[in-house]
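Here is the structure we will look at.
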Amino acid sequence: MDPEIQKMREVILVYLDRTGGLQKFVHDCKKYNDSKQSYAVYRFIISINPSDIAELDATLGNYILHNPLQAAQIFQSVCFVAIKTLSLIEQLQTEAQLSILLKPTHLPPLPSYVLSLSAYPFNYTSPRFYMSEGIVTAMGTVTKYTQGARFLCTEETCPFSEGSFRCIRVHCPGATESATVRTDFVCSLCSSPLQEDMKFRVLGDKQIIEMIDAKILNALKGYSIDKSHFRIQAFTLFLRDELANKMTIGNHYRIIGIPACVQNGLQATACIEVTSVQLYKPNGPSFVSDSFKYLLSLTSSSCWRFTAVLANIFASQVVPPGTYNTLKLAILLSLVQTCEKENADYLDLLIMTNDTLVIDRLLNYSLCLLPRGIRHPPASDIFPSVSKDKHGSASIQASSAVLAKGGICYIGDLSSYKKDKLELLQSVLESRTTTVFIPGKKYGEEADQQVTVSVQTNFWSFVDVDSSSKKHIQKENFLIGQMDVSLIPVNLVDGFGLLIYNEFPSCRLSSPVVHHILKKAINPEAMLYKVSQQFRTQDYEEFILFARNLHVELSSEAESLIQGYYLASRRVRRDAIHGSTLSASALKILISLAKAHAKLNLRQTVLEEDAVIAVLLLESSLTIKHGTSALCVAPNPVFPFDLSDENSLQQRDIYLMQCHHQLLKFIAAYSPGIHINTNEE
Numbered sequence: 001m002d003p004e005i006q007k008m009r010e011v012i013l014v015y016l017d018r019t020g021g022l023q024k025f026v027h028d029c030k031k032y033n034d035s036k037q038s039y040a041v042y043r044f045i046i047s048i049n050p051s052d053i054a055e056l057d058a059t060l061g062n063y064i065l066h067n068p069l070q071a072a073q074i075f076q077s078v079c080f081v082a083i084k085t086l087s088l089i090e091q092l093q094t095e096a097q098l099s100i101l102l103k104p105t106h107l108p109p110l111p112s113y114v115l116s117l118s119a120y121p122f123n124y125t126s127p128r129f130y131m132s133e134g135i136v137t138a139m140g141t142v143t144k145y146t147q148g149a150r151f152l153c154t155e156e157t158c159p160f161s162e163g164s165f166r167c168i169r170v171h172c173p174g175a176t177e178s179a180t181v182r183t184d185f186v187c188s189l190c191s192s193p194l195q196e197d198m199k200f201r202v203l204g205d206k207q208i209i210e211m212i213d214a215k216i217l218n219a220l221k222g223y224s225i226d227k228s229h230f231r232i233q234a235f236t237l238f239l240r241d242e243l244a245n246k247m248t249i250g251n252h253y254r255i256i257g258i259p260a261c262v263q264n265g266l267q268a269t270a271c272i273e274v275t276s277v278q279l280y281k282p283n284g285p286s287f288v289s290d291s292f293k294y295l296l297s298l299t300s301s302s303c304w305r306f307t308a309v310l311a312n313i314f315a316s317q318v319v320p321p322g323t324y325n326t327l328k329l330a331i332l333l334s335l336v337q338t339c340e341k342e343n344a345d346y347l348d349l350l351i352m353t354n355d356t357l358v359i360d361r362l363l364n365y366s367l368c369l370l371p372r373g374i375r376h377p378p379a380s381d382i383f384p385s386v387s388k389d390k391h392g393s394a395s396i397q398a399s400s401a402v403l404a405k406g407g408i409c410y411i412g413d414l415s416s417y418k419k420d421k422l423e424l425l426q427s428v429l430e431s432r433t434t435t436v437f438i439p440g441k442k443y444g445e446e447a448d449q450q451v452t453v454s455v456q457t458n459f460w461s462f463v464d465v466d467s468s469s470k471k472h473i474q475k476e477n478f479l480i481g482q483m484d485v486s487l488i489p490v491n492l493v494d495g496f497g498l499l500i501y502n503e504f505p506s507c508r509l510s511s512p513v514v515h516h517i518l519k520k521a522i523n524p525e526a527m528l529y530k531v532s533q534q535f536r537t538q539d540y541e542e543f544i545l546f547a548r549n550l551h552v553e554l555s556s557e558a559e560s561l562i563q564g565y566y567l568a569s570r571r572v573r574r575d576a577i578h579g580s581t582l583s584a585s586a587l588k589i590l591i592s593l594a595k596a597h598a599k600l601n602l603r604q605t606v607l608e609e610d611a612v613i614a615v616l617l618l619e620s621s622l623t624i625k626h627g628t629s630a631l632c633v634a635p636n637p638v639f640p641f642d643l644s645d646e647n648s649l650q651q652r653d654i655y656l657m658q659c660h661h662q663l664l665k666f667i668a669a670y671s672p673g674i675h676i677n678t679n680e681e
């Protein structure tokens, strides 16, 4: 025996003993031994820490990292000797029956161990461990594959013809089913044909995943500040046995695996046989820029001023400061209410507008402030669909809504979608899940399947008022403040958190907007305003990522105000036929708005002042849908006049304090059961 191989065997035994791996191996053997059943293949998973192995023996560490298949054979021989010496599995006859899977805990943080899914050329010819990361864009159903099989010689006089476990085929990384089981194998002893003993076939679970580099998100934004060009290609991953269903469509993962080239007829497919999966969650920035810190200190005298200035100067690269303030505040609130948690506080926006070009540019710009801002291409599906993969099995394809997980999915003009798409959107807005139906007969399965996919994103959309008015006859008898939104189903409109009508209809575009559009058309890269240099796009990106990670809690005062307004509105907004016109989701929307406003102020407690802004925004939205109520807010309640200097901010504070007092009166009149502390002074 090669002395180097013998030394590596000894090191393996020492490593397993020191790390508890030997104890785990004995425990796994006990399960097989207790079953009293003979298997063709006994499968074991051994966790390997490459750093610890390299400290014990550099040669073995290098062998595991660069020749994992050969290293597994050395582990196989060590395990076989241990089983026979300690009599761990009585049924085991030959070393070939052992299938050893090595799983490294990590790889050295060096470029040579990273396999980039967007770099060219893609090195799939080296069957060694690589680390890679990307986003799951397609996910197949779990099917069966052959882990191992026993073959017997067809020649009756051959010693391998019966009762022997000499001819064992075991699955290797990257191998196809035909490499493990087929009919042209011959006996190594007498060269006669081999025949599989079907009762000893060992089956395992297999799942095919498509993963793509995270750079794809930049390509799906529709507009990006990053003008670099790159190549994007999805690659196939094989998840087997305990790793099946460990990945979720749309999530970002880091994987360790062995690349391989699978031959499928005349075509060759590069794939990765995965050995470990880890969910990847990038850390957000732990700071905000000095310019925002300074602005926060300047406006600290009021709980309303910072967000007012923030909205006033936001997106100055796209629209002039001071325009579309209500919409820009709503966008900022929606941006900070994005996360990948279950039961998150979602905030969807539906905008009624004549200025589709300006609104589209504003929403596109805002998308790019998040890592996952997706502009939905009209030709594709918003929600997951099912199709056949390269192997003829069912594969669930990711969609815009799933890829926008923890971010924003901008779906464009809502009136351009057909009835069935709108109904599906309404269902998703209500449940935040969608169901994919997989007909078994079509995809070679025995039974039909239904897969539920979580949709964790905020939706943005707009309705072109001019276009919609031409498509249908407008109804008459509007209430005060009400707009015609009958083109869109009522339940779908209620599904969106906020309905906003932008301030500048196209028939009377403000002079600053016209000048801005013309100057940008002449010089797209020009910085037209000083605030664009003081508060850069990068500053807003860092600010939003920091703010959205804040954990906020409702104060008792804010909670009482929100509950009081909600109960009072349910009593006021009702008709004799349908009862209350206030949707059941209104309370969630109010809480989400109030929390978002607190986050924008970089606070972790929701104050009454945050609740006042939430109420005014929602009441304005309800007025557009149902007309004014007894609360009777102004047409543009959050920004009733232009913000040009400190005096205008002071006037706005006085106005909002009056609104607060008016809101307390409204609650006292229509929801007397709610106790709210009022400041008489």
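The sequence shown maps to residues 1 to 681 in full-length UniProt numbering. All residues carry an ideal CB built from backbone N, CA and C; glycine is no exception.
Beta-bridge annotation (DSSP): W304 is not paired with any residue. Approximately 35 Å separates the beta-carbon atoms of D345 and I208; this is outside 8 Å, ruling out the contact.
Listed in chain order, the non-local C-beta contacts of L528 below 7 Å within the same chain comprise H516 and K519, local neighbours out to five positions each way being set aside.
Proximity to G140 across E446, A394, E646 and G497 peaks at A394, based on C-alpha coordinates. Look at the beta carbons and you see the region 397–417 touching the region 243–255: at least three pairs across the two are nearer than 8 Å. R169 sits buried, since 16 or more C-beta atoms from the chains shown fall within 10 Å of its C-beta. For the 8 Å CB-CB criterion, I258 and G134 do not form a contact. L663 and A598 have their C-alpha atoms spaced approximately 19 Å apart. By the 16-neighbour rule on beta-carbons within 10 angstroms, S191 is exposed.
Listed in chain order, the alpha helix (DSSP H) runs fully inside the UniProt domain "MCMDC2 N-terminal" (8–107) are 21–35, 50–56, 58–66 and 68–86, counting runs of at least 4 residues. DSSP places N343 outside both helix and strand once states are collapsed to three, so it counts as coil.
The alpha-carbon separation between E608 and V552 amounts to approximately 14 Å. Within the model, the alpha-carbon separation for F287 versus L631 is close to 40 Å.
Taken in chain order, the whole beta strand (DSSP E) runs of length 3 or more contained in the region 118–172 are 130–140, 143–153 and 167–170.
Per the Cβ contact rule, the region 621–631 is not in contact with the region 309–321 (fewer than 3 Cβ pairs under 8 Å). Pairing M211 with V114 gives a Cβ-Cβ distance that is not under 8 Å. Counting C-beta pairs closer than 8 Å gives fewer than three between the region 439–450 and the region 326–339, which falls short of the contact rule.
With the rule of 3 Cβ pairs closer than 8 Å, the region 455–464 counts as touching the region 339–353. DSSP, reduced to helix, strand and coil, places H626 within a helical segment of the structure shown.
Counting only runs of 4+ residues, the alpha helix (DSSP H) found wholly inside the region 369–438 occupies 400–403 and 419–431, in chain order.
By the 16-neighbour rule on beta-carbons within 10 angstroms, K405 is buried.
By DSSP's assignment, N458 forms a beta bridge with I408. Taking C-alpha positions only, I89 is separated from S454 by approximately 44 Å. Assignment of Q450 by DSSP, reduced to helix, strand and coil, places it in the strand class.
For the pair D653 and N636, the Cα-to-Cα distance works out to about 15 Å. About 7 Å separates the Cβ atoms of F543 and S289, confirming a contact at the 8 Å cut-off.
The C-beta of P104 has 16 or more other C-beta atoms within 10 Å across all chains shown, which makes the residue buried. Listed in chain order, the non-local C-beta contacts of S366 below 7 Å within the same chain comprise A315, I331 and L335, local neighbours out to five positions each way being set aside. V262 is bridged by DSSP to T269.
Per DSSP, reduced to three states, the secondary structure at H660 is helical. Assignment of T180 by DSSP, reduced to helix, strand and coil, places it in the helix class.
Residue pairing from DSSP leaves L295 without any beta-bridge partner. In the DSSP assignment, E196 falls within the beta strand (DSSP E) that extends over L194 to E196. Taken in chain order, the complete beta strand (DSSP E) segments of 3 or more residues contained in the region 604–655 number zero; there are none. In this structure, DSSP gives G257 an extended state, which the three-state scheme calls strand. Remark: C-beta atoms of V11 and D52 do not approach each other more closely than 8 Å.
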